[in-house]
Ligand code: HPA
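In our numbering, the protein residues as written are 8 to 242.
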């Protein structure tokens with residue numbers, strides 16, 4: 008048990024999928040895992056462990072934003088020796104060719120600041136995905152219905168942004184989408200020699216204002232979860 012995770016030693020698998028939303032963790036575990044068992048409910052941040060095609064997998068909520076994700080990822084890495092961490096979650100589209108329901112596989116994650124920024128001082132560290140996971144995810148995505156994009160995303164500290172000029176620069180520089188967690192996940196994985204990736208579903212679009220109706224969210228998120236699971240165990 009750690010400060011924020013109540014699972015006993017051995018109850019967390021070496022591979023963890025991390026949705027921001029604890030209820031999405033529950034849905035994904037019930038939908039995709041066999042013999043899923045609740046292993047954490049501290050602060051309602053649900054975590055489940057089961058198997059997928061015989062492989063042990065944990066699906067643990069991370070909460071929203073990099074400070075929250077940092078707590079769970081640090082404890083999963085340092086206390087439970089997790090080796091592979093894949094964020095699954097939603098993002099806001101930032102390019103005209105990116106539509107809602109599309110899947111984004113994040114090669115890099117830019118930020119203004121993250122919980123790790125302080126240690127880099129004047130360096131603009133470039134958080135990037137594990138290449139083997141990334142290329143396995145791209146292969147897995149080829150067999151799915153969802154249109155997939157691979158490239159850079161932006162991990163923001165705010166959902167309600169007050170800097171339209173920043174969005175403009177992100178768009179100009181080819182950033183595909185915005186979310187709030189991946190940059191810190193990639194940085195922590197690099198620091199500890201673990202593998203990380205973010206596979207995201209576009210739930211809304213910053214330019215067009217399009218948004219996924221809530222009743223459609225679960226169905227559209229299925230491809231993302233399958234891509235994450237296939238990538239984890241084929242790389
Ligand atoms: N901004 C930040 N995070 C998000 C968004 C957004 O528009 N959509 C989904 N996650």
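Note that CB positions come from ideal geometry on N, CA and C, so glycine has one too. Treat the numbers as computed from the prediction; the structure is a model and nothing was measured.
CA-CA distance, residue 149 to residue 20, rounds to 27 Å. The Cβ atoms of residue 111 and residue 183 sit closer than 7 Å to each other. Between the stretch 85-92 and the stretch 193-210 there are three or more C-beta pairs closer than 8 Å, enough to call the two in contact. If you look at residue 220, you'll find it isn't in any alpha helix (DSSP H); DSSP assigns it neither H nor E. Taking C-beta separations shorter than 6 Å and ignoring five residues to either side along the sequence, the partners of residue 66 in its chain run 24, 32, 35, 36 and 55, following chain order. Shortest gap from the CB of residue 174 to any heavy atom of ligand 1: 6 Å or more. The bridge partners DSSP lists for residue 115 are 135 and 159. For residue 39, the enclosing alpha helix (DSSP H) covers residues 29-39. Within 6 Å of the C-beta of residue 187 there is at least one heavy atom belonging to ligand 1. Note that the C-beta distance between residue 72 and residue 115 is not below 7 Å. For the pair residue 191 and residue 122, the CB atoms are nearer than the 7 Å cut-off. Judged by pairs of C-beta atoms under 8 Å, the stretch 135-152 touches the stretch 228-242, as three or more such pairs exist. In terms of Cα proximity to residue 26, the closest of 43, 70, 42 and 49 is 70.
Counting C-beta pairs with one atom in each stretch, the stretch 220-236 and the stretch 124-138 have fewer than three that are closer than 8 Å, which means they do not touch. Ligand 1 never approaches residue 159 closely enough for any of its heavy atoms to be under 6 Å from the residue's Cβ. Here residue 129 carries a coil assignment [DSSP, helix/strand/coil].
Relative to ligand 1, the beta carbon of residue 99 is positioned inside 6 Å of a heavy atom.
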